[in-house]
Amino acid sequence: MAAPEPQPELPPEGEPWPTAHDAEPLATHPDTAGEHLVLRVLHASPHETVGTLRQRLAAGVQVDSAEAVYLLDDRRHLLGLVPMSRLLRARPEQILADIATAPVPAVRIGADQEHVASLAIQHGLTSMPVVDRRGHFAGVVPPLALLEVLRREHVEDLHRFAGIGPEESGRAREAIEAPPIRRARDRLPWLLVGLVGSMLATFIVAGFEAALEARVAIAFFVPGIVYLADAVGTQSEAIAVRGLSLSRLPLARLLAGELRTGLLIGITLALLVLGPIWWWFGDADLAVAVAVALLAASTCATTIGFALPWLLARSGRDPAFGSGPIATIIQDMLSLLIYFWTVKALLF
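Using numbering that gives the first Met the number 0, the first residue of the sequence shown is number 0, and each one after it goes up by one.
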């Protein structure tokens with residue numbers, strides 16, 4: 000037997016909405032807004048006065064989140080909200096609609112939890128309203144849940160930056176007490192990838208043996224070029240890992256902005272090293288070659304640091320997996336190639 004139609008009057012403040020035939024079941028799924036949803040919140044009619052609402056609050060209510068009063072119409076559509084601090088400062092005769100913040104962003108029950116937390120930060124909300132697929136107000140994601148989501152996502156990203164997969168992340172607490180063999184098993188896979196990359200880097204350097212024999216000073220700048228390019232790329236990775244999954248800007252605009260940033264960083268670093276190298280070695284050609292190589296390597300590292308997470312995001316995987324050991328190896332090898340090609344072109 001179908002439940003009766005919802006009445007135009009709002010239910011008592013702080014009480015959950017009665018079940019109606021058009022109410023969507025609140026199915027919860029892991030890592031979504033529904034997992035953190037609380038139903039008992041402060042709500043009122045937009046036509047109600049501040050004084051009337053205060054009287055109802057003084058009578059006593061039981062809620063799970065009291066950061067704001069949500070204004071709803073008779074069909075449970077969210078019209079706005081009144082922060083509790085504003086409600087306490089308002090005059091009793093004021094209408095709630097006149098002091099409300101509107102419109103208010105809301106998310107669906109199945110929205111990704113990281114998107115929910117990001118949206119709350121963007122709009123300065125302490126709690127995020129949640130609606131069902133029909134647009135009916137369902138509840139909110141409270142402040143503590145938003146903080147927990149941010150903490151959980153940041154920890155997950157830090158693990159992935161270090162090359163630790165989901166299986167190892169789940170064992171993070173017991174890893175320090177695990178037997179040495181188990182610890183080695185968890186760490187070796189990414190280190191083996193790094194070992195292969197270091198061997199390839201060695202072959203790259205060996206391929207320019209003649210240039211190194213002709214001008215041994217070229218070798219002095221290899222560590223600096225590789226380190227600075229890797230640092231620039233790591234910065235781009237950190238921005239791209241979360242920015243690609245949360246930003247609504249077109250990809251071309253994001254990439255163009257990051258390339259310009261990398262170019263500016265490269266120009267700045269090149270100008271900073273040009274004078275000291277020239278003065279120390281007394282060789283203007285060598286100074287120019289190192290500066291140009293640093294500029295090119297920094298710009299390339301920015302591109303790699305941005306593009307690798309994007310490619311993984313396009314393949315349906317979390318872009319955080321694009322950071323860490325794999326990106327470092329690629330950037331190091333490209334930095335070596337760029338440096339030696341530049342030096343060979345300008346000095347020989």
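Here a beta-carbon is modelled for each residue, glycine too, at the ideal position from N, C-alpha and C.
DSSP state of residue i mapped onto helix, strand, coil
i	result
L263	helix
H348	One cannot answer for residue 348 here, as it falls past the ends of the chain, which runs 0 to 347.
L41	strand
V130	strand
A379	Past the boundaries of the shown model lies residue 379; the chain is included only from 0 to 347, so the question cannot be answered.
R181	helix
V106	strand
V60	coil
R151	helix
H35	helix
T298	helix
F347	coil
T125	coil
A101	coil
R252	helix
R186	helix
Span of the alpha helix (DSSP H), counted from its first residue to its last, around residue i
i	result
H114	Q112 to Q121
Q49	Looking at the sequence provided, one finds Val at residue 49 rather than Gln. Run containing V49: V49 to A57, per the alpha helix (DSSP H) assignment.
E208	E208 to A213
L95	L95 to I98
Sub-9 Å separation of residue i and residue j beta-carbons
i	j	result
V81	A67	yes
A300	A228	yes
L92	D30	Rather than Leu, the amino acid found at residue 92 in this sequence is Glu. No, Cβ-Cβ distance for E92 and D30 is not below 9 Å.
L86	L52	yes
I375	R132	The chain is shown only over 0 to 347; residue 375 falls outside these bounds and no answer can be derived.
S235	I303	yes
S44	S126	no
G206	I328	no
I264	V289	no
V60	L41	yes
V106	V115	yes
L253	S297	no
A239	F305	yes
H28	L95	no
L307	I325	yes
L38	G134	no
G223	V154	no
A99	A32	no
CA-to-CA distance, residue j to residue i, given in whole angstroms
i	j	result
L294	T233	16 Å
A119	I217	52 Å
E79	E34	Inspection of the sequence shows that residue 79 is occupied by Gly rather than by Glu. Taking the straight line from one Cα to the other gives about 23 Å.
L36	V129	8 Å
L346	L211	11 Å
L333	R182	31 Å
V287	G256	27 Å
K343	A292	11 Å
A213	L336	18 Å
L258	S117	25 Å
W277	A144	56 Å
F339	L187	31 Å
V140	L56	21 Å
D331	T341	15 Å
V221	I203	12 Å
R184	V195	17 Å
F136	P142	18 Å
G350	L262	In the structure as shown, the chain starts at 0 and stops at 347, and residue 350 therefore has no counterpart that could be examined.
H122	L270	40 Å
F219	L124	53 Å
I180	L190	15 Å
A251	V62	46 Å
T260	A237	14 Å
D97	A58	24 Å
E208	V215	10 Å
A101	S84	16 Å
Boundaries of the beta strand (DSSP E) in which residue i is found, first to last residue
i	result
A89	Unbroken run through A89: none, as it is neither H nor E.
G281	Taken as a continuous stretch (DSSP letters only), G281 belongs to no beta strand (DSSP E), as it is neither H nor E.
P82	L77 to P82
L70	S64 to L71
Neighbour flag for residue i against chain D, beta carbons, 9 Å
i	result
E147	Annotation note: the requested chain D is absent from the structure, which comprises a single protein chain.
How about the segment 146–153 and the segment 57–75: do they share at least three Cβ pairs that are nearer than 8 Å?
-> No contact exists between the segment 146–153 and the segment 57–75.
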